[in-house]
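A.B. asks: For reference, the structure I am asking about is given below.
Protein chains: 2
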Amino acid sequence: MDFLEQVKWNSDGLAPAIAQDAETGRILMLAWMNREALALSAKEQRAVYWSRSRQALWRKGESSGHVQHIREIRLDCDADAIVLQVEQVGGIACHTGRESCFYQRLEGDRWVTVEAPRKDAREIYG
Amino acid sequence: MDFLEQVKWNSDGLAPAIAQDAETGRILMLAWMNREALALSAKEQRAVYWSRSRQALWRKGESSGHVQHIREIRLDCDADAIVLQVEQVGGIACHTGRESCFYQRLEGDRWVTVEAPRKDAREIYG
C-alpha cells in the first residue's frame, strides 16, 4: 500500500518507532518497524514491531498481555521515523517491569537508574 | 568518558535521540547522536546531533536560533536510544517551520498533513 512505500525505510528495511502514552505523554519505548509491522499495526490498531534480536515480528504484549492499543500513528518530515500514541495495557511497557524503558538519567557523567521496577520482570517480558 | 561507552552505538557509531518538549510532553523530532554529539550535549546542556546527510556535527539552532536547551538526558533499558527533555527556543523544532516534525497522521491508508507551518521554513532551517 502507498503509505508503506512513502516511509523511507533504512538499508535494513526498518524505521524507528516511538511509543508514547496517549494520556500522560510519557515516552514509553523506542522499537523498530518494517513494512509488515507497520501494516499490521495500522490494520489491527495495536503495536506490532520488528524484533532485531529475534529477526521476527513482535506483537507487543503477546506473552505479557501488555498490549499497546494505538490511537494515532504519525510520520516525521523526512518520513523515516514513526510515533505511536498508545494506550498501554497494564501501564508497563518495559521488559524490566517499568512503565518506560527510559529509566536511566544522566547525572554528571553517570547514568543513574531513577525508577524501580513495578513488577517482577519475568512476569511481563514481551 | 564512561557514560559514552555505556551507550550501545550502532554499526555507524550512532544512536537515535528523541527530543521531547519538557513542558508539553510533545515529541518534537528524532535525530541521531554519535559519541561526540552526546558528549557536547551533556557538557553544553543544549542539543547537538550528528547529521547523517551532512556527516557533520549539528548544533541544533546554530543557524535558526532555535536552540534546544536540555533539562534531562535519559537512556533506555538496552542502552541504544536516548531521550532529551528540552526547552525549545522559538517553539519550532522542525525545519519545515512546525513545532514538531511529526505532523503527518495516518488516516486509513494515507499520511495526511495535519499541521500548517508556523513560519516560513527558509527562515528557520537548522
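Chains as they are written, first to last, in full-length UniProt numbering: chain S, 1 to 126; chain Y, 1 to 126.
Note that CB positions come from ideal geometry on N, CA and C, so glycine has one too.
Please read these numbers as outputs of a predicted model, since none were measured by experiment.
1) Quick one: is Val83/S near chain Y, going by C-beta distance under 8 Å?
2) Between residue 128/S and Lys43/Y, what straight-line distance do the alpha-carbon atoms span, to the nearest angstrom?
3) When the Cα of Glu72/S is compared with those of Gln6/Y, Arg110/Y, Trp9/Y, which residue comes out closest?
4) Does any residue of chain C bring its CB to less than 8 Å from the CB of Glu72/S?
5) Taking only beta-carbon atoms, is Gln45/S less than 8 Å away from chain Y?
6) Quick check for students: name the residue ranges of the alpha helix (DSSP H) that lie wholly in the UniProt domain "Phosphoribosyl-AMP cyclohydrolase" (29-103) of chain S, counting only runs of 4 or more.
7) If you compare alpha carbons, which of Cys101/S, Glu107/S, Gly108/S is closest to Gly118/S?
8) Leaving out the 5 sequence neighbours to the left and right, which residues in its chain are closer than 6 Å to Glu107/S when beta-carbon positions are compared?
9) According to DSSP, is Leu14/Y helix, strand or coil?
10) List, in order along the chain, the chain Y residues whose C-beta lies closer than 8 Å to that of Leu106/S?
11) Grab the span of the alpha helix (DSSP H) containing Asp109/Y for me, first residue to last.
C.D. replies: So, from the data block:
1) Counting from 1 along the first sequence, the entry for residue 83/S is found at position 83. So, interface residue.
2) Shown here, chain S extends from 1 to 126; a query on residue 128/S therefore has no answer.
3) As a working mapping, residue 72/S is identified with position 72 in the first sequence. Measuring from the Cα of Glu72/S, the nearest candidate turns out to be Arg110/Y.
4) Annotation note: the requested chain C is absent from the structure, which comprises protein chains S and Y.
5) Here residue 45/S refers to the residue found at position 45 when the first sequence is read from its first residue. No, no contact with chain Y.
6) 35-44
7) Within the first sequence, numbered from 1, the residue matching residue 118/S stands at position 118. Strictly speaking, residue 118/S in this sequence is Arg, with Gly absent from that position. Nearest of Cys101/S, Glu107/S, Gly108/S to Arg118/S, Cα basis: Cys101/S.
8) The residue you call residue 107/S lines up with position 107 of the first sequence. Same-chain partners within the cutoff: there are none.
9) In the second sequence, counting from the first residue as 1, residue 14/Y sits at position 14. Correct three-state label for Leu14/Y: coil.
10) One-based indexing of the first sequence puts residue 106/S at position 106. Correct list: Phe3, Ala42, Glu72, Ile73, Arg74, Leu75.
11) Indexing the second sequence from 1 puts residue 109/Y at position 109. Note, Asp109/Y: premise wrong, no alpha helix (DSSP H); not H, not E.
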